[in-house]
Structures are given as C-alpha cells and as structure tokens.
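Remarks on the structure that follows.
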Amino acid sequence: MKIIPVTVHGVLDYVTAAVLMVLPRWLGWNSNVTRLLTTLSVFTVVYSLLTRYPLGLWKVIPFKGHLLIDALSGVALSTSPAWLPEGKGRPRAALVALGLFEIVAPLLSKTEQE
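One rule links them: number in our numbering = place in the sequence shown (from 1) + 10.
This is the structure:
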C-alpha cells in the first residue's frame, strides 16, 4: 500500500539528510560511522536536488530511479555494521534502523502526484 505522497517523500529526503549529518556528531559516534553518514547525507541531498519531483531543483532523475537509490542507500546503511571496522561507540542498532527506514520509505511512497 502506497501511503506517502511524493511531496512528503521529498520532505523526508531532506530531513533524513539532516539527521544523517547531525546524528553522529551529536552522539559522538566514531569517525568511520560519521564519515559514512556524512557521505550518505551529501549524496542524499545531491540526488534529491536532481530528482523530478516537487522538491527537486534540477529535474534529471526520474522519481522511480530516486526510490531505487533510496533503497540501495538503505541496504548500505543496514548492512554497514558487518563491514565497518570495529570502533568505540559503534551504533549498530541505529545504523540498521536508519537503513530499514530508507528501504521501507520508498516501498510506501506513491510514484505520482495526486
């Protein structure tokens, strides 16, 4: 069931990018996690700005392609505890939860404006 309107998905994209940027710094997570989340944050902003949806600035990427990128980003996040080097304060559960959110949100998002 698709329940998230395209515009709401766009808002979620930018909020997610902000959370990915701020969370590891606010909670003092290690540099590996901070680097991963910073990279994903910047990447999310860039492909969101390039998406053909109401909150995109340069409408290049089709929205369905954007949803695929979201899901792939979610896979990277949710599997990252397995491939990130060990470190103090490594937030496994948070990474998996953020990743699952990025997988589920595209599955629940409508692909056309109402």
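A virtual CB, placed ideally from N, CA and C, is assigned to each residue, including glycine.
What you are looking at is a predicted structure, and each value in this text was computed from that prediction instead of being measured.
In whole angstroms, give me the CA-to-CA distance for residue i and residue j.
i, j, result
"P116", "E96", "30 Å"
"V25", "I113", "16 Å"
"T44", "H76", "24 Å"
"K74", "N42", "30 Å"
"A107", "L59", "24 Å"
"L94", "L105", "11 Å"
"M31", "F111", "16 Å"
"A28", "P72", "23 Å"
"E123", "G20", "Per the sequence presented here, residue 123 reads as Gln, with Glu not at that position. So the alpha carbons of these two residues sit roughly 12 Å apart."
"T78", "A92", "The sequence given here places Leu at residue 78; Thr does not occur at that position. Between L78 and A92, the C-alpha separation is close to 22 Å."
"P34", "A103", "13 Å"
Per DSSP, what kind of secondary structure is residue i in: helix, strand or coil?
i, result
"I13", "coil"
"T121", "coil"
Beta-carbon separation of residue i and residue j under 8 Å?
i, j, result
"S83", "L46", "no"
"V70", "G109", "no"
"W36", "P101", "no"
"L118", "L87", "no"
"T48", "D23", "no"
Shorter than 8 Å from the beta carbon of residue i to some beta carbon of chain C?
i, result
"P91", "Considering every chain present, this structure includes no chain C. It has just one protein chain."
Decide yes or no for the touch test of the region 13-21 against the region 51-69: beta carbon pairs closer than 8 Å, at least 3 of them. Yes, the region 13-21 touches the region 51-69.
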